[in-house]
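Novice: In the working numbering, the protein residues as written are 4 to 387. Note that the Cβ used here is the ideal one computed from N, Cα and C, for glycine as well. Predicted model only: the values in this text are computed from it and were never measured.
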Amino acid sequence: MKEPSVATILTSFENSFDGFGSMSTPLYQTATFKQPSATDNGPYDYTRSGNPTRDVLQSLMAKLEKADQAFCFTSGMAALAAVTHLLKSGQEIVAGEDIYGGSDRLLSQVAPRHGIVVKRIDTTKISEVTSAIGPLTKLVWLESPTNPRLQITDIKKIAEIAHYHGALVLVDNSIMSPVLSRPLELGADIVMHSATKFIAGHSDLMAGILAVKGESSLAKEIAFLQNAEGSGLAPFDCWLCLRGIKTMALRVEKQQANAQKIAEFLASHPRVKKVNYAGLPDHPGRSLHYSQAKGAGSVLSFLTGSLALSKHVVETTKYFNVTVSFGSVKSLISLPCFMSHASIPSAVREERGLTDDLVRISVGIEDADDLIADLDHALRSGPA
């Protein structure tokens, strides 16, 4: 038989430890586990160190990503923080300029406190990657598409360069989900997901995933950090994630179809200056993106040329919630410079091409025509 699709894996994954045939993974809502004796330990002792419900989610994520192991954390940022703890003082991280605001804060304000040197570059330019990586570089940090400008990075090529110099490659795949992209197959060593987004899908929990492939020592070190730092995901959040993930393939398909229609509408609208979305034929990274992903996803951004107009659009739409995050069944809208990326100094944002009028949309599962009519009204009713 051929390998099952992601949609089939999501709905057919079973609980090997459950002896009662439960269709839903049992929730082991416990902090501790009774031991067989004072000197012999059972398979679980303390939920910080391990829990059956968490193990099911970790096994499923490893299967989805074709990873050797996966680990569930209390948030995407907790997962990324653990990755930075793989490095020692004096070692270097090479990271993209256009990345999630929380990641930017971690790299610019937290990692340097531990003596880690962080170099920021335009990862769409291979020449900058080659120049930045040196003998002290231990990690290359990528997003593709990037957040919020939706730029495309050649993951496979950069992984080859990084590995030649002995560095690991981390890809934050939150914006794509395992349905659309599997960076480990492109050469990445670590894939991170903010499971808060598409994996859980309903804006009702915080969670992060690290999926790793390659040397067993890497997985062992991440497992050690997860336990030592107490950042493992709680059983109830694991259970919620397992419930939400069953419909991820359906949700992503609908969200992406909606996003394509909305991107095409915005690209033709007289009050929109530019749309960032790899599904559009004029996106400069379109060919590269489709060589490493199955679709363009459901996050897009656009420019109006006017902060006043962009602010009006965000605040006037009826079917979009004004908030951060993405991947929810509900459509979301924001001004990244004032929300998710506000911690980046304005001068730095301007230097990177991240302007105040940029609007980011996470498209949900509503009717696409309703969303388009909503955006059209907001754009046409805005200030000149």
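(1) Which runs of the alpha helix (DSSP H), 4 residues or longer, sit entirely within the segment 327-358?
(2) For the segment 155-174 against the segment 347-362, do three or more pairs of beta-carbon atoms, one drawn from each stretch, fall closer than 8 Å, so that the two count as touching?
(3) Is Ala34 near Thr50, with beta carbons less than 7 Å apart?
(4) Strictly by DSSP, which residues pair up with Met195?
(5) Locate the beta strand (DSSP E) running through Arg123, then write down its first and last residues.
(6) Quick one: what's got a C-beta closer than 7 Å to Thr14's C-beta in the same chain, skipping five residues either side?
(7) Pull up the distance between the alpha-carbon of Phe201 and that of Glu68, whole angstroms please.
(8) Beta-carbon within less than 6 Å of Leu110's beta-carbon, same chain only, minus the 5 sequence neighbours each way: which residues are those?
(9) Between the segment 182-192 and the segment 313-332, can you find at least three pairs of beta-carbon atoms closer than 8 Å?
(10) Terminal residues of the continuous alpha helix (DSSP H) containing Ile164?
(11) Counting only runs of 3+ residues fully inside the segment 270-297, write out the beta strand (DSSP E) ranges in chain order.
(12) Please tell me whether Met342 and Val332 are closer than 7 Å, where the distance is taken between their beta carbons.
(13) Leaving out five residues before and five after Ala266 in sequence, what residues of the same chain have Cβ atoms less than 7 Å from its Cβ?
(14) Following the continuous beta strand (DSSP E) through Lys5, name the residue where it begins and the one where it ends.
(15) Using a threshold of 7 Å, state whether the C-beta atoms of Gln258 and Val366 are closer than that.
(16) Any contact of the segment 80-90 with the segment 58-66, i.e. 3+ C-beta pairs under 8 Å?
(17) Between Asn324, Ile225 and Asn44, which has its C-alpha nearest Ala1's C-alpha?
(18) For Gly79 and His196, what's the separation of their Cα atoms in angstroms?
(19) What residue does the alpha helix (DSSP H) around Val366 start on, and which one ends it?
(20) What's the call for Phe268, buried or exposed, on a 16-neighbour Cβ count within 10 Å?
(21) Glu188 lies in the beta strand (DSSP E); which residues open and close that run?
(22) Measure the beta-carbon distance from Trp242 to Thr42 and round it to whole angstroms, keeping in mind my assumption that it falls under 8 Å.
(23) Ile368 to Leu139, Cα distance in whole Å?
(24) Locate the alpha helix (DSSP H) running through Ala73, then write down its first and last residues.
(25) Where does Lys141 fall in DSSP's three states?
(26) Could you check what DSSP says for Phe239 in three-state terms: helix, strand or coil?
(27) Alpha carbons only, please: which of Asp192, Ile136 and Thr11 is nearest the one belonging to Glu218?
(28) How many angstroms separate the CA atom of Asn176 from the CA atom of Glu146?
(29) Count the other CB atoms within 10 Å of the CB of Gln72; is the residue buried (16 or more) or exposed (fewer)?
(30) Ala203 lies in the alpha helix (DSSP H); which residues open and close that run?
(31) Quick one: is the Cβ of Arg355 within less than 6 Å of any heavy atom of the ligand COA?
(32) Looking at the unbroken alpha helix (DSSP H) that takes in Ile225, where does it start and where does it end?
Specialist: Answer, in terms of the structure:
(1) 349-354
(2) no
(3) yes
(4) Asp175 and Leu213
(5) Val120 to Ile124
(6) Lys249
(7) 14 Å
(8) Ala98 and Val121
(9) no
(10) Ile158 to Tyr167
(11) 277-279
(12) no
(13) Val278, Tyr280, Gly282, Leu283 and Leu303
(14) Run containing Lys5: none; DSSP gives neither H nor E here.
(15) yes
(16) no
(17) Nothing can be reported for residue 1, as the shown portion of the chain is limited to 4 through 387.
(18) 6 Å
(19) Premise fails: Val366 is in no alpha helix (DSSP H) and is neither H nor E.
(20) buried
(21) Per DSSP, Glu188 belongs to no beta strand (DSSP E) and is neither H nor E.
(22) Contact flag wrong, Cβ pair sits at about 32 Å.
(23) 45 Å
(24) Here Ala73 belongs to no alpha helix (DSSP H); instead the beta strand (DSSP E) covers Gln72 to Phe76.
(25) strand
(26) helix
(27) Asp192
(28) 7 Å
(29) buried
(30) It is not in any alpha helix (DSSP H) - Ala203 carries neither H nor E in the DSSP assignment.
(31) Judged by which ligands are present, the structure shown has none, so any question about the ligand COA falls away.
(32) Ser219 to Ala231
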